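Per this note's numbering, the very first residue in the sequence shown carries number 25; after that it's consecutive.
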Amino acid sequence: MSDRKAPALWNREIVSRAAIESFVKLDPRLMIRNPVMFVVEVTSVLVMFTLLRDTLAHRMALAGFEFQIALWLWFTVLFANFAEAMAEGRGKAQADNLRKTRTETQAKLIIEGGQTKLVPAAQLRRGDVVMVAANDVIPGDGEIIEGIAAVNEAAITGESAPVIRESGGDRSGVTGGTTVISDWIKVKITANPGETFLDRMIALVEGAQRQKTPNEIALSILLSGLTIVFLLVVVTLYPFGLYGGTRLALPVLVALLVCLIPTTIGGLLSAIGIAGMDRLVQHNVLAMSGRSVEAAGDVDTLLLDKTGTITLGNRMAAEFIPVQGVDKRELAEAAQLASLADETPEGRSIVVLAKREYNLRGRELGEVGATFIPFSAQTRMSGVDIGGRRIRKGAADQIIRFVQENRGTPPTDLQAIVERIARSGGTPLVVADESKALGVIYLKDMVKEGIRERFERLRAMGLRTVMITGDNPLTAAAIAKESGVDDFLAEATPETKLRLIREEQNQGKLVAMIGDGTNDAPALAQADVGIAMNAGTQAAREAGNMIDLDSNPTKVMEVVEIGKQLLMTRGALTTFSIANDVAKYFAIIPALFIVEYPQLQRLNVMHLATPQSAILSAVIFNALIIVALIPLALRGVRYRPVGAAAILTRNLFIYGVGGVIIPFIFIKAIDIIITALHLA
25 MSDRKAPALW NREIVSRAAI ESFVKLDPRL MIRNPVMFVV EVTSVLVMFT
75 LLRDTLAHRM ALAGFEFQIA LWLWFTVLFA NFAEAMAEGR GKAQADNLRK
125 TRTETQAKLI IEGGQTKLVP AAQLRRGDVV MVAANDVIPG DGEIIEGIAA
175 VNEAAITGES APVIRESGGD RSGVTGGTTV ISDWIKVKIT ANPGETFLDR
225 MIALVEGAQR QKTPNEIALS ILLSGLTIVF LLVVVTLYPF GLYGGTRLAL
275 PVLVALLVCL IPTTIGGLLS AIGIAGMDRL VQHNVLAMSG RSVEAAGDVD
325 TLLLDKTGTI TLGNRMAAEF IPVQGVDKRE LAEAAQLASL ADETPEGRSI
375 VVLAKREYNL RGRELGEVGA TFIPFSAQTR MSGVDIGGRR IRKGAADQII
425 RFVQENRGTP PTDLQAIVER IARSGGTPLV VADESKALGV IYLKDMVKEG
475 IRERFERLRA MGLRTVMITG DNPLTAAAIA KESGVDDFLA EATPETKLRL
525 IREEQNQGKL VAMIGDGTND APALAQADVG IAMNAGTQAA REAGNMIDLD
575 SNPTKVMEVV EIGKQLLMTR GALTTFSIAN DVAKYFAIIP ALFIVEYPQL
625 QRLNVMHLAT PQSAILSAVI FNALIIVALI PLALRGVRYR PVGAAAILTR
675 NLFIYGVGGV IIPFIFIKAI DIIITALHLA
């Protein structure tokens, strides 16, 4: 797997585009989607009117102060827009790379009589059938209805190694923009122009179809509520000041409002969500919505297919077990001879095991005058005829019958060996030399290296893992024990998968499912997070709400971590935003009323120079902190697989306590600079 390279955080092209977008997003129709920043924009306009009034009245000292307030208020809005545009810009840069995969492709449309006609790919419609030969670009998304070919999918996945696509089964789906590098295929187009997988990828990467998640909506409502509360408080301060003999200027009240409402998280909230989807794209995973990314962070149960996810997917020879009276080397040599022409992964593993354990050299069958007997579904065995010997390997019952047909008697311990291997989750492959049964090859479904450690890490995240397999319960139990999975579902069918997911969801749990076949589609659609393999069928890709372009099922761990990282980042910055309002409160409130109420001097713990410098320092800090937190919003808070209590404690200590202390330090520093420069 090779992750899609992410554009540099401060890439010049992305920054330039984001700077322009910051001004475009000042459109009130766009700003109103973010209530907190919309309030800041409206108040900025009000201060501009006040500035214009005082400038025309030649109150230049007051106008100078108002100009600085207005300037930093607009910076606050622009910096918030810049954060969102930066997150979108990273996605748009990747979308531009995807667009480069498009070419003016000519499709070989099959017409009546089996003839082909060259037409632009853009004219293809759902249901059309095209011929694609070696070196041709596949003109659109579709299903292979005839043929087999090697396809280069680097344009989509970034992987240079070709993959095999063929009609029937779970690897019949092809994607427009990929290239056939050998043989030929007939493809039935399954998407109209504008509806292709590549079109959806570009739209999703750009974030054009991103919708707010339920938690994000809830947080937006909370922020809007806090904004309304502080708006009422600030509005009531005006008559309160008149009652005390102080006329509070509009710019001062606006500065107080902007500093007290949660502008930090309000300005970064959208960027956090977009950046979460962008991080998935960097891992070659497409999320169909922000909702699925967020759900990944809250997943309780993870369903994984055994083959290709937990195991290597091919049974491998693990041991030669001879029957009584037969030398182990004799069994290994016969097994090797029977497998020399066997090109299956199992056959190659037998040859490798014989060479590794007994240094038996592989030989060409032509050298020894041998005739290879291929495996067939009817005989359920294969082998070789060599030098008058008839060596066979295959299913136990078929080999026993072969021995008996050649007037031999199966050894008494043969059945016991076969049963022991079956109980351990392996596959017994019996070897016989005509009338003599020699022993058993133990074929094992090899568990991937390091998979147990991965499951331990998932367990530390709070996830329960369930292995899904079509194997019998004995085999499933053995592999589940070896791999360290928490539970398993044996002899799984589409109905049982669906029932398991619903049972988990009825208990209030969020479920993630990985699949690639048509039979996985119902479960993928039901799961809260359905991760479909890009190499799988069209039905699976349509049913899932995430697509793994690399078709690497073990990548689910990164998906979960990114989901948790998104939630942690949002929580951390919300904590920081609310905490630093405390410091801004201590900066501004004493400055407003300290003349009329000297007792407030006790709250002036920062000993700021003047009321004007205190207000201006708080406004400047309020704007600059958004810029300082943009990298954190885009990269995300680093995730560690620890308990929720530990994460909460860490966030409260770092972002809660830090959110209170940091503003005190920097507001005081800004006040010193302002005073030294005589700006207030």
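C-beta: ideal position from N, C-alpha, C; glycine also.
Computed from a prediction, not measured in an experiment: that's the story for all the values here.
Asked, Found
"Leaving aside the five residues before and after G463 along the sequence, list all residues of the same chain whose C-beta is less than 7 Å from its C-beta, in chain order.", "F344, I345, P346, V347, V350, L355, V455"
"How would you write the range of the alpha helix (DSSP H) that Y382 sits in, first residue to last?", "369-382"
"Mapping DSSP to helix, strand and coil, what is Q589?", "helix"
"Out of curiosity, what's the CA-to-CA distance linking I134 and D540?", "29 Å"
"Within the continuous beta strand (DSSP E) that includes L482, where are the two ends?", "Segment 475-484 is the alpha helix (DSSP H) holding L482; no beta strand (DSSP E) there."
"Under the assumption that P286 contacts I93 (Cβ atoms under 8 Å), give the Cβ distance between them as a whole number of angstroms.", "With 8 Å as the limit, P286 and I93 do not qualify as a contact, their Cβ atoms being about 20 Å apart."
"Do you know how far the Cα of R416 is from the Cα of L438?", "15 Å"
"Give the DSSP bridge partners of S206, in chain order.", "A174"
"Do three or more CB pairs link the segment 321-330 to the segment 471-491 at distances below 8 Å?", "yes"
"Just confirm the distance between the C-beta atoms of G291 and F479, as a whole number of angstroms; I'd bet it's less than 8 Å.", "Actually they do not touch by this definition, with Cβ atoms about 40 Å apart."
"What residue range does the beta strand (DSSP E) around Q130 cover?", "130-134"
"Rounded to whole angstroms, what's the CA-CA distance from V376 to R195? Just pull it up for me.", "29 Å"
"Helix, strand or coil: which one does DSSP assign to A311?", "strand"
"Contact check, V143 vs A157 under 8 Å by CB: the rounded distance?", "At roughly 16 Å, the Cβ-Cβ gap does not stay under 8 Å, so V143 and A157 are not in contact."
"Does DSSP put K212 in a helix, a strand or coil?", "strand"
"How far does the beta strand (DSSP E) with D572 in it reach, from first residue to last?", "570-572"
"Here's a check: name, in chain order, each residue in its chain whose Cβ is nearer than 8 Å to the Cβ of P497, leaving out the five neighbours to either side.", "A514, E515"
"Within 8 Å, do at least three Cβ pairs link the segment 246-256 to the segment 565-573?", "no"
"Considering only residues of the same chain and omitting the five flanking positions on each side of A611, which have a CB-CB separation below 7 Å?", "M630, L632, A638, S641, A642, I691"
"If you reduce the DSSP assignment to three classes, tell me which class T673 lands in.", "helix"
"Identify whether S406 lies in helix, strand or coil by the three-state DSSP scheme.", "strand"
"Assuming F512 is part of the beta strand (DSSP E), what are its boundary residues?", "511-513"
"Could you check where the alpha helix (DSSP H) with P163 kicks off and where it finishes?", "Element bounds for P163: n/a, residue is neither H nor E."
"For the alpha helix (DSSP H) containing G463, name the first residue and the last one.", "Note, G463: premise wrong, no alpha helix (DSSP H); beta strand (DSSP E) at 460-471."
"Quick one: what's got a C-beta closer than 6 Å to K512's C-beta in the same chain, skipping five residues either side?", "In the sequence as displayed, the identity of residue 512 is Phe instead of Lys. Correct list, in chain order: M491, A500, A504."
"Could you check if R303 is buried or exposed, using at least 16 other CB atoms within 10 Å of its CB as the buried criterion?", "buried"
"Would you mind reading off the limits of the alpha helix (DSSP H) that contains F399?", "Careful: F399 lies outside any alpha helix (DSSP H) and carries neither H nor E."
"Tell me whether A81 sits in a helix, a strand or coil according to DSSP, three-state version.", "coil"
"Can you tell me whether T335 is buried or exposed, with buried defined as 16 or more other CB within 10 angstroms of its CB?", "buried"
"Identify every residue that forms a DSSP beta bridge with A197.", "The displayed chain sequence assigns Gly, not Ala, to residue 197. Note: G197 sits in a beta bridge opposite E167."
"Beta-carbon within less than 6 Å of M72's beta-carbon, same chain only, minus the 5 sequence neighbours each way: which residues are those?", "A94"
"Are the CB atoms of V535 and D552 nearer to each other than 7 Å?", "yes"
"Have a look at M155, T129, T140, N159 and flag the residue whose alpha-carbon is nearest the alpha-carbon of A146.", "T129"
"To the nearest angstrom, how far is it from the Cα of L261 to the Cα of Q306?", "49 Å"
"Using CA atoms only, rank isn't needed, just tell me which of V684, Q636, I689 is closest to L703.", "Q636"
"Which of the three DSSP states, helix, strand or coil, is assigned to D544?", "helix"
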